[in-house]
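Each residue of the sequence shown is one higher than the one before, counting from 34 in the working numbering.
For each residue, glycine too, the CB sits at the ideal point set by N, CA and C.
Bear in mind the structure is a predicted one, so any value in this text is a computation, not a measurement.
One structure is given here, and the rest of the page talks about it.
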Amino acid sequence: MATAPYLSPSTLSRTAYNNHAQTYLDWTTARPSSRVPYLTRLLSLMTSGPPSGIRTSNVSNTSASTTTATSPAPSPAHDFRVLELGCGAGVPGTLFLARSPLVQHVKAVDISAAQLDLLQSKLTEDTLQTDNEHNINTTSLVDKVQILEADMLDLTFNNSMFDAVVALFSIVHLARREQKVMLERVYAWLGGGGYLLVNFVGTEMEDGGIVDGTWLEGSEADPAFWDGFGPERTKTVLRDCGFEVLVAEVVDEVDDARFLWVVARKPGGK
Ligand SMILES: C[S@@+](CC[C@H](N)C(=O)[O-])C[C@H]1O[C@@H](n2cnc3c(N)ncnc32)[C@H](O)[C@@H]1O
């Protein structure tokens, strides 16, 4: 009997999210999530700097919050350049970043063209709405966000190009060894003092990860892939890359899903 061809995690994600982009967006927007609280925390740390003496992580269990997507009030001139990996439709993550006056530029990367089509229309809608509300010539969100359709594993950037890298519910779709490679590259792409906001699966998974055809009303024809080292090993991997782990919190999200939320910093800078 012929065996099914091997499909890489990236190939599985491309198909799954192309086929279910709208369903995923509807699912996401109908549920509370920790995205905005952690993005708020990220920008706050980036503007104020890490509390002195923090070099160890805090692991605690908290629950997903329902905080809505308002960006922090403007503070003295910042023009952060942010790379977002696996941005999806950008709701609420990319929109939050793009609306922030602290952020100058967002490079939003995803492997799924359908997800990026949704992002493009959200950015256009949001720009029109903002312009109408304030009747002023706001910087267009469309201009602020550069959309890139790519496998994050294929990206190449110069060193020290970004002030922050954000990856929400996306690195989880890579195999463990790929996650490690990605984190090493992210470390190089960040400038000294740059920040990483990322979440991982909250428990260690079986070797080889899992392929699940039943996620998000999917079918066996377009399963998704998940993998993760578990909280302790993930922190070790991050530290081995050179990161200072400032925040490491296991959060119970909806539907019994548990994620490790991390804010980490590349030493150096101001
Ligand atoms: C669970 S969704 C999360 C989307 C968004 N970040 C959010 O918070 O809702 C995962 C996203 O990662 C993208 N993705 C998965 N593997 C990828 C890869 N290798 N390169 C780029 N994007 C990837 C998927 O296409 C999908 O849009």
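Less than 8 Å between the CB atoms is what I'm expecting for L75 and V284, so what's the real figure, rounded?
Walking along the sequence shown from the start, residue 75 turns up at place 42. Walking along the sequence shown from the start, residue 284 turns up at place 251. In fact, because the Cβ distance is near 15 Å, the residues do not count as touching under 8 Å.
Endpoints, alpha helix (DSSP H) assigned at K213:
The count along the sequence shown starts at 1 and reaches residue 213 at position 180. 209 to 222 is the span of the alpha helix (DSSP H), which, as asked, contains K213.
Report, in whole angstroms, the separation of the C-beta atoms of L151 and A54, which I expect to be a contact under 8 Å.
Looking up residue 151 in the sequence shown gives position 118. Looking up residue 54 in the sequence shown gives position 21. Right, their Cβ atoms sit about 6 Å apart.
Could you name each continuous beta strand (DSSP E) segment of 3 residues or more that falls completely within the stretch 130 to 161, going from the start of the chain to the end?
Runs of the beta strand (DSSP E) inside the stretch 130 to 161: 136 to 143.
Determine, using beta carbons only, whether P125 and V199 come nearer to each other than 8 Å.
On the sequence shown, position 92 is the one that residue 125 refers to. On the sequence shown, position 166 is the one that residue 199 refers to. No, Cβ-Cβ distance for P125 and V199 is not below 8 Å.
Where A131 and S66 are concerned, what is the direct C-alpha to C-alpha distance, given to the nearest angstrom?
The sequence position of residue 131 within the sequence shown is 98, counting from 1. The sequence position of residue 66 within the sequence shown is 33, counting from 1. Their Cα atoms are separated by approximately 19 Å.
Short check: CB of L128 to CB of D159, under 8 Å?
Start at 1 with the first residue of the sequence shown, and residue 128 comes out as number 95. Start at 1 with the first residue of the sequence shown, and residue 159 comes out as number 126. The criterion of a C-beta distance shorter than 8 Å is satisfied by L128 and D159.
Under the DSSP definition of a beta bridge, which residues are partnered with N232?
Sequence index remark: in the sequence shown, residue 232 carries index 199 (1-based). According to DSSP, residue pairing for N232 in a beta bridge involves W294.
Do A197 and L230 have their CB atoms nearer than 8 Å?
By 1-based counting over the sequence shown, the position of residue 197 is 164. By 1-based counting over the sequence shown, the position of residue 230 is 197. A contact, by the Cβ cut-off of 8 Å.
Any non-hydrogen atom of ligand 1 closer than 7 Å to F202 Cβ:
Here residue 202 corresponds to residue number 169 of the sequence shown, with the count starting at 1. It does: the Cβ of F202 is within 7 Å (strictly closer) of some heavy atom of ligand 1.
Should D143 be listed as close to ligand 1, given that the test is whether its C-beta is under 7 Å from any heavy atom?
Along the sequence shown, one-based indexing puts residue 143 at 110. Yes, since a heavy atom of ligand 1 falls inside the 7 Å radius drawn around the Cβ of D143.
For R312, which residues does DSSP report across the bridge?
No information on residue 312 is available, as it lies outside the stretch 34 to 303 that the chain covers here.
Tell me whether T185, by its Cβ, gets closer than 7 Å to a heavy atom of ligand 1.
As a working note, residue 185 is residue 152 in the sequence shown. In the sequence on display, residue 185 carries Met and not Thr. Checking the Cβ of M185 against ligand 1 gives yes.
Use the C-beta contact count for P300: other C-beta atoms within 10 angstroms, 16 or more gives buried, fewer gives exposed.
Counted from its first residue, the sequence shown places residue 300 at position 267. Around the beta carbon of P300, fewer than 16 other beta carbons sit within 10 angstroms, so the residue counts as exposed.
How many Å lie between T269 and L216 at the Cα?
Here residue 269 refers to the residue found at position 236 of the sequence shown. Here residue 216 refers to the residue found at position 183 of the sequence shown. Cα-Cα distance, rounded: 12 Å.
What residues match up with W25 in a beta bridge as DSSP calls it?
A question about residue 25 goes unanswered here, because the residues of the chain that appear run from 34 up to 303.
Starting from L279, follow the beta strand (DSSP E) in both directions and report where the run begins and ends.
The count along the sequence shown starts at 1 and reaches residue 279 at position 246. Looking at the DSSP string, the run of the beta strand (DSSP E) that includes L279 is 277 to 285.
By a C-beta neighbour count over all protein chains shown, 10 Å radius and 16 as the cutoff for buried, is R266 buried or exposed?
Numbered from 1 along the sequence shown, position 233 holds the residue referred to as residue 266. Looking at its Cβ environment, which holds fewer than 16 other Cβ atoms inside 10 Å, R266 is exposed.
Where A54 sits in the DSSP three-state scheme:
Working through the sequence shown from its first residue, we reach residue 54 at position 21. When DSSP states are grouped into helix, strand and coil, A54 belongs to the helix group.
Cβ shell of H138 (< 6 Å), same chain only, five flanking positions each side left out
Translated into positions along the sequence shown, residue 138 becomes position 105. Around H138: R114.
Pull up the distance between the alpha-carbon of D184 and that of W259, whole angstroms please.
One-based indexing of the sequence shown puts residue 184 at position 151. One-based indexing of the sequence shown puts residue 259 at position 226. Distance between the alpha carbons of D184 and W259: 16 Å.
Whose C-beta lies closer than 8 Å to the C-beta of R291 among residues of the same chain, with five residues either side of it excluded?
Residue 291 sits at position 258 when you count from the first residue of the sequence shown. Excluding five sequence positions before and after R291, the CB atoms of its chain that fall closer than 8 Å to its own CB belong to V234, G235, T236, V283, V284, D285, given in chain order.
Just confirm the distance between the C-beta atoms of P42 and L207, as a whole number of angstroms; I'd bet it's less than 8 Å.
Within the sequence shown, the letter at position 9 stands for residue 42. Within the sequence shown, the letter at position 174 stands for residue 207. About 6 Å; that satisfies the 8 Å criterion.
According to the neighbour-count rule (16 or more other Cβ atoms, all chains shown, within 10 Å of its Cβ), is S77 buried or exposed?
Locating residue 77 in the sequence shown gives position 44, counting from the first residue. Flag for S77 reads exposed.
Check whether the Cβ atoms of N232 and F262 lie closer than 8 Å to each other.
Your numbering for residue 232 matches position 199 in the sequence shown. Your numbering for residue 262 matches position 229 in the sequence shown. Against a cut-off of 8 Å, the Cβ pair of F262 and N232 comes out as no contact.
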